[in-house]
């Protein structure tokens, strides 16, 4: 009984900030008050019409779409190569491709900033997109690698023995069988890219910055609840995605939490 | 591969802080890291990371245990979604939310928390909990409940079963979870930046100040290299230990 109460309390601690943000977002006054003195959607209106947020939202869509479109084929090719081909230095390549997972954001951000300055590419979407591709790749590769490992090469060989050319085998057999992994990869790519902040802060300008960077700048400069409204929209979208993912992908399997029956 | 290029650039860029870009080779940037005014931030970073690791472990174990051992699929799903949602909400939203909670307008805290080390600590623990919970839950769920039942059937009380059977068997998860959280916290940026309000600084905030505010890229690079080396070292130890663990008793860590 006590144990259960402790777990509920800890889960409440984890959820508390979310609840506070949602309550704050409908607060009618500029100064936050609890309990709120009424209900108002004015901060949503302000958030949706604030020019810098609009520009940043467009940038976010561009950067996320472009980086997912690039990372998915690159990651799939890398996953196939890492699992299927007897590469020399396979461990080394795996470590290189997965390294963005463990490199601190400020180190990667500063490195890319210096690199971009050297190449004269500052204030350019390309740098931001390249950064996102690098950061998203490990998630894509991992998701696809699981599917590749589960794929029975006999199926591909069967198709080939029936006369299908390599490209046709890939398109008609390999790709459809990889679909669960590709779907998970796309999901991770979008979530990671949409939320990426630290590296983006280093390599973006006021013109190219994406939503999290614009939100950061807003919080540093203003205290009104507009940020709460934006955050609520963000949280709402995330909850929908995570819930759908749990239904579709059975997250407990993805995170390897076994159940003993 | 491109990431490697960036890292390479970093280490090259530990050059003299010429007012614009580069100068000759020097170790002045790294010696600056050890100057008293900066050493303080490194010490703060170590202390905050250590405290975060301990508190995160204590707060996460019960949730992880419930997640791994609950018989109800619905409860498991609920805990998982509540655990993962902040994981996916992004650092800025989460940190902003804590600014609201810790500020005095919502809850009248008896002591000042926002822009103090205590507030940063709370934010960091909250930030690390999902990771720790997932690692611990995976470790606990790999323990066959048969061991616990055997101990109980031999007359051990629940608390004794937990202390003598479950806890020792989940030790690999505890160690790897703690190391991962320590490594991540060591280079944490948004949480100390916003909840510290410039009064509490960790190493990543110094990197950002030097790089984006004073345009001292070489000096900033030295701090980034320190953060990078510590993070990679701790994580290398982790994977080393996990590998040995797997070899020792045939348990699969992943």
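Protein chains in written order, with the working numbering: chain A, 86 to 346; chain B, 4 to 257.
Note that the Cβ used here is the ideal one computed from N, Cα and C, for glycine as well.
Annotation for residue 144 (chain A): 293, 294 and 295 place their beta carbon closer than 7 Å to its own, counting only its chain and skipping 5 residues before and after.
Annotated as proximal: residue 70 (chain B) and residue 140 (chain B), with beta-carbon spacing under 8 Å.
Each residue's CA atom was taken as its position, placing residue 135 (chain A) and residue 212 (chain A) some 25 Å apart. Under the Cβ criterion of 8 Å, residue 316 (chain A) is counted among the residues facing chain B.
Burial is judged here by how many other beta carbons sit within 10 angstroms of a residue's own beta carbon; residue 86 (chain A) has fewer than 16 and is exposed. Neighbours of residue 312 (chain A) in chain B, taken as residues whose beta carbon is under 7 Å from its own, are 99 in chain order. Secondary structure of residue 115 (chain B) (DSSP, three-state): coil. Taking a Cβ-Cβ threshold of 9 Å, none of the residues of chain A is close to residue 175 (chain B); the smallest such distance is about 14 Å. In this structure, the alpha-carbon of residue 172 (chain B) lies about 37 Å from that of residue 264 (chain A).
Residues of chain B with a Cβ closer than 7 Å to the Cβ of residue 297 (chain A) are, in chain order, 93 and 95.
Taking 8 Å as the cut-off, the beta carbon of residue 192 (chain B) is found no closer than this to the beta carbon of residue 187 (chain A). Straight across, the Cα-Cα distance linking residue 205 (chain A) with residue 235 (chain B) is about 30 Å. Burial state of residue 143 (chain B) is buried, judged by a 10 Å Cβ sphere holding 16 or more other Cβ atoms. Cβ proximity to chain A below 7 Å picks out 190, 192, 193, 197 and 207 from the segment 175-209 of chain B.
Unbroken alpha helix (DSSP H) runs of no fewer than 4 residues, entirely contained in the segment 157-225 of chain A, are found at 175-183 and 190-204, following chain order. Using beta-carbon distances, residue 132 (chain B) counts as an interface residue toward chain A, with a partner under 8 Å. Neighbours of residue 65 (chain B) in chain A, taken as residues whose beta carbon is under 8 Å from its own, are 88, 91, 92 and 95 in chain order. Per DSSP, the unbroken alpha helix (DSSP H) holding residue 43 (chain B) starts and ends at 39-72. The residues 287, in chain order, have a CB closer than 7 Å to that of residue 195 (chain A) in the same chain once the five nearest residues on each side in sequence are set aside. Here residue 90 (chain B) has 133 as same chain residues with Cβ atoms under 6 Å from its own Cβ, once five neighbours each way along the sequence are excluded. Residue state for residue 99 (chain B) is assigned as helix, using DSSP reduced to three classes.
Within chain B, the residues 95, 98, 99, 102 and 197 have their CB atoms less than 9 Å from the CB of residue 304 (chain A), given in chain order. Among the residues facing chain B, residue 187 (chain A) is included, as its CB has a counterpart in that chain under 8 Å away. Three or more Cβ pairs drawn from the segment 212-225 of chain A and the segment 169-189 of chain A lie within less than 8 Å of each other, which places the two stretches in contact. Of the other Cβ atoms in all chains shown, fewer than 16 fall within 10 Å of the Cβ of residue 110 (chain B); this residue is therefore exposed. Scanning its chain for C-beta atoms nearer than 7 Å, with the 5 sequence neighbours on each side dropped, one finds around residue 123 (chain A) the residues 113, in chain order. Note on residue 82 (chain B): 16 or more other CB atoms within 10 angstroms of its CB, so buried under the neighbour-count rule. When the Cα atoms are used, residue 127 (chain B) and residue 79 (chain B) turn out to be separated by approximately 25 Å. The beta carbon of residue 51 (chain B) does not come within 8 Å of any beta carbon belonging to chain A, so the residue lies off that interface.
Around the beta carbon of residue 187 (chain B), 16 or more other beta carbons lie within 10 angstroms, which makes this residue buried. For residue 190 (chain B), there is no enclosing alpha helix (DSSP H), as DSSP marks it with neither H nor E.
Between the C-alpha atoms of residue 148 (chain A) and residue 217 (chain A) there is a straight-line separation of about 8 Å. For residue 99 (chain A), the closest alpha carbon among the candidates B:170, B:114, B:136 and B:244 is that of B:136.
Here residue 182 (chain B) has 237 and 241 as same chain residues with Cβ atoms under 6 Å from its own Cβ, once five neighbours each way along the sequence are excluded. Here residue 131 (chain A) carries a helix assignment [DSSP, helix/strand/coil]. Close to residue 231 (chain B), with beta-carbon spacing below 7 Å, are these residues of chain A in chain order: 188, 189 and 192.
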